[in-house]
Structure formats: C-alpha cells, structure tokens
Amino acid sequence: MSGPRSIVIVGNGLGAALAAAMLALRTKDSARIMVLPGGADAHGLGPVGATIATRPAFRAVLAELGLAEDAVLAATGGAFSLGQAFSGWRGAAHGWMLPHGDIGASIGSVAFHHLLHRWRSEGHRATPADFAIAAVAAQSDRFARSDDDPASPLSALDHGLTFDSDRLATLFRRQALALGVRFDTVPVAEVERQERTRLRLNDGRIVTGDLFVDLTGAQALLAAGHGWHDWRRWFPCDRALVGVARDPQPPMPFTHGGATATGWRSSVAIDGARGDVLFVASAFGSRDAAARDLALPVLDEMPVRAGRCERFWDGDVVAMGAAAAGIDPLHPVALDLLAAGVERLLALFPERAHEPLLAAEYDRRMGAMVERTRDFALMHYALADRPEPMWRAVADAPLPDGAAWKLDQYRSRGRISRLDDERFGDGEWAMLFDANGVVAERRDALTDHLPPERLERHFARLREAIVHSVRAMPTHGTALRAIHDRRQAS
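Taking the numbering used here, the leading residue of the sequence shown gets 2, the next gets one more, and so forth.
Have a look at this one:
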C-alpha cells in the first residue's frame, strides 16, 4: 500500500491503541507508526467510564485484528449485550428496549412497523419488542449467539459486547506492538502547525511525520484550528461524572440509559462490575447534586463537548474520536465511529502529506456519518416528555434538517427515509419513534389488503417462535461461565 511513510498518533488509551493497530495491520511495513501520549482524555473518545460497550458491527473489527471474541471477553472481563434499555425519558414509568438484530418480520414488501400499526388499530396491545428475539432474551436474562440458518428464529439475533475499558486498551496496545507500532511515553508539550506539523515533546525532542492523527479528545491538541460546529442546543449535558460499582452477580445482557432531572445516566455492566457515567447539564444543576445522584465514589470528572469538526482532515492532521465529534453516547458508537474513521482514511490513503481533494472527500463522508448518528441520538432528547427546565429547553430547539425530515416522514405515513451513511437500520428508527410516542398518521396501503387471518397467524407464529427459542437459551451468566471454562480447559 502506498501512502505516508510515517504516521504519528497523539492520544491515550483505547482510541490511540485501536487506531494504531488498525493502521499498522493495513499498512504493513510501508509506514512507521508512532503513538505519543497527549490530552487529558483517558481514551480519546470522550466520556468513557470504567466499562465500554459496542454495537454488533464492532465484532468484525476484532476479527480483522485477529482477536477471537471469546478470548477478548475472557481477557477483559467482558459480557454480551443484546441491546440498550431506556427509562424515564417520558416520565418515571416509561421504559423500553432497543434490541440488536431483527425487529419483527415483514410480509412481502410490507415492513413490520406497518403491520404492527394495523394490528394495534384492531385493538391488539403489543410493542415492537414483543416480536424482537434479542429484546425478549435480554429482558429474560438469556443469551445465545445467532444461527446462520435463516429458518431458525436465532438467525434474527445479533449482539454487541461490553468490556473493561482499560483492559481492552491493553489488548489493543499489545496487538499494535506486535504489528510494529512504537509507543513513546513522553507527552506532547507543544504543537507547531505551519505548512507542516511539528510536535515538541516534554523532553525537548521534535517529532515530525507525514500524517498526524489527533485522538486527544475534546482538547483537540492538533486539530484545534479545524473549526467546530456546536451541538449543545440538542445535547445540553456538559459534564460527566464517572463511577464504578463492584457486583458479584452476573450482569444482565444489555446496557441502560436512564433520564434524570438534569441529564441522564449510562450503565454498562461487565462480569463483576458496572460502570456508570452521569451526564449533567451544569446550567440546570450543581456538581454536588450530581455527585449525590451518582451515589458512587466519583472516580473521574470530565467535560463533555457536543459537536463536530468543520474539517476532519486539514493539511497533514486528521481528527478522530472526540477530537472529531462529540455525541452523547446513548448508543455505544464511540469505538464503531473511530473504526469507521480509520477505514475511510485507509480507503483514501494519501500519497503526499497534503491531498486537498482526498481530505474533502473524507470530510464529506465522515460528516454525513457523524450527523446521521447524531440525529438518532438527539431524538431521545427531542421526543422526551419531562417537566424539568432542561428538558423543556431542549424540546424547544429546532431539529437539524436531516432529523426533521426523518421525523416528518415517519409521522406522516410511517416512512423511514434513508440518508447517506446511516449507522442505524429502518427497524431501529421505527422502534425509536414508536417508543417515544410518535404515531404515524397513515400506514402502507398494502397493509390493509392483507386478510385478517394472515396477520393473526403472522404475529402468533412470530411470538411463539421467539418464546420457545428464548426458553431454550442458557442464562447470560451461564453463557459467560462457559466461555471462561472453555478458556481454562484449552
């Protein structure tokens, strides 16, 4: 692969180690890769707690790096995640789950959410989660992997993973070292950005390179001049308090995001512990009150910066992680977005230090992907129904054009409008709207041509297959113990 002869990554922990391993794997011996510590962000990904979750697509990244899933889980004390549970966003009694994998099943060209719309209009009480095997399994504390047989109900399953953040960073660092990456221990003291970037380290050394990757988090030490689009009107939380609780009980196979009066709380469980991050809008509540709400020792406190770079790639510097964009982690996308950014950089790898056309294309593609991800996350705020001042303020903020278009299309006729670089599927969008009180005024006209008995059989068979399959699954704790037992026996 042709491209830069030397790549310098500035950042810490998970973000820097993952980017280094991915770049080293693909560039082989054609580039020298160096990692320098820099920035106050422990992992370069924004507010990451003691634990971190990923969506199903991230398993492909692990596989590409040669990391077997069970081995990673054993090494990091990890667990499985079948989706995300949400509570309190529309009042204390409100709760729902967004599962990984399929949500229901279509009939011909008629999408499941249109079928459910008709089913409910005929007096049936049901939620999309009732017909999603991952949701039913998660709520029952059961787990199984997907089945490749399309005739099996288990083929509708998919799963993400949860990890101890520091142990996963150590694993990625080990992979990067094995691939020839050099990790320096002296942090960056000064960034000189003229025609070419130069870094002055704390010991006086000067570091140059052909391409630099900024993974220093919200400080954006190298990318400070890239411009910034602020998103605080949609994501009002500006502080995050981190805590961890030890728990000898097996974790439930899902993550949780619970709304509070002045923000929300993320909980990600692994085997033996639960990492919590409390996101707070300081304009609406004090730090001391937030610390009391966390109800755990505050291990770390960090700023939250919502927005995105105007230019992700500028000159010889590419911003990634929280230096590139900040989105409330209501969905576990931080590692997925970083991996996607590295993949897009590799697809456009420059032959010279400055490639304006390649940089413009990278900016276009990353901008679209980040904004589509933002739109999904901000819908939680936009559709929330709580009386507190923070929630009323964010509800009054006009939506960005793409999000407004999505919402209007669904509200009008239940249509999911696909845009470029979507990270979430049609079923996930439909479930997000449905769970937050958005009812389509009309449904697909083809739905009303289906005989009632066919619809009845469809829902009955779906539910029966799901319930039967979930009953046969082991508990999540049993599935995790089986992994550790196999590792010890091998």
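Quick reminder that beta carbons are idealized off the backbone N, C-alpha and C, glycines included. The structure displayed is predicted, hence computed values, not measured ones.
DSSP places Gly-244 in the uninterrupted beta strand (DSSP E) bounded by 240-247. The Cβ atoms of Trp-235 and Ala-398 lie closer than 7 Å to each other. Listed in chain order, the non-local C-beta contacts of Asp-427 below 6 Å within the same chain comprise Ile-417, local neighbours out to five positions each way being set aside.
For the region 48-94, the continuous alpha helix (DSSP H) assignments of 4+ residues that do not extend past its boundaries occur at 59-65 and 70-77, in sequence order. The beta carbons of Asp-445 and His-125 sit no closer together than 7 Å. In the DSSP annotation of this structure, the continuous segment of the beta strand (DSSP E) that includes Trp-97 starts and ends at 96-100.
The region 399-417 makes no contact with the region 277-294: fewer than 3 CB pairs, one atom from each, lie closer than 8 Å. In this model, Ala-296 and Ala-54 are separated by some 22 Å (Cα to Cα).
Taking each of Thr-198, Ala-461, Gly-210 and Pro-38 in turn and checking the Cα distance to Pro-188, the smallest one comes out for Pro-38. Met-303 sits away from Ala-378, with the two beta carbons spaced by 7 Å or more.
Under DSSP, Thr-209 takes part in a beta bridge, and its partners are Arg-199. Cβ contact annotation for Leu-420 (same chain, cutoff 7 Å, sequence separation greater than five): Arg-373 and Gly-403, in chain order. The Cβ atoms of Gly-79 and Phe-164 lie closer than 7 Å to each other.
Setting aside the 5 residues that flank it on each side, Arg-27 is surrounded in the same chain by Leu-347, each with a C-beta closer than 6 Å to its C-beta; the list follows chain order.
For the options Val-281, Glu-344, Arg-488 and Asp-103, the alpha carbon positioned closest to that of Glu-65 is the one of Glu-344. By the beta-carbon neighbour count (other beta carbons within 10 angstroms, threshold 16), Pro-5 is buried. Going by beta carbons, Asp-435 and Pro-129 fall inside the 7 Å limit.
In the DSSP assignment, Ala-404 falls within the unbroken alpha helix (DSSP H) covering 402-414. Under the DSSP definition of a beta bridge, Ile-467 lacks any partner.
Classified as buried, Val-243 has 16 or more neighbouring CB atoms from the shown chains inside 10 Å of its CB. Contact between the region 191-198 and the region 84-100 is absent: fewer than three C-beta pairs spanning the two stretches fall below 8 Å.
Assigned with DSSP and collapsed to three states, Ile-134 falls in helix. In the DSSP assignment, Glu-193 falls within the beta strand (DSSP E) that extends over 189-194. By the criterion of a C-beta distance shorter than 6 Å, Val-278 is surrounded in its chain by Pro-48, Gly-50, Ala-241, Val-243 and Ser-267, once the five residues flanking it on both sides are discounted. Secondary structure of Phe-173 (DSSP, three-state): helix. Below 8 Å, too few C-beta pairs join the region 304-312 and the region 249-256 to call them touching: fewer than three.
Taking a C-beta distance under 7 Å as the contact criterion, Ala-324 and Ala-177 do not qualify as a contact pair. Spatial neighbours of Glu-429 in its own chain (CB-CB distance under 8 Å, excluding positions within 5 residues in sequence) are listed in chain order as Leu-99, Ile-104 and Phe-377. Residues of the same chain with a CB within less than 8 Å of the CB of Gly-368, apart from the 5 flanking positions on each side, are Arg-309 and Phe-313 in chain order. By the Cβ neighbour-count rule, Glu-423 is buried, with 16 or more other Cβ atoms within 10 Å of its own. Between Gly-16 and Ala-43, the CB-CB gap reaches or exceeds 7 Å. Closest in C-alpha terms to Arg-206, from the list Asp-215, Thr-186 and Leu-222, comes Thr-186. In this structure, the straight-line span from the alpha carbon of Leu-117 to that of Ala-127 is close to 8 Å. Straight-line measurement puts the Cα of Gly-84 at about 12 Å from the Cα of Phe-144. Annotation note: the region 284-322 contains the following uninterrupted alpha helix (DSSP H) runs of length 4 or greater, listed N- to C-terminal: 288-295. The alpha carbon of Phe-173 has as its nearest neighbour, out of Val-36, Asp-231 and Ala-282, the alpha carbon of Val-36.
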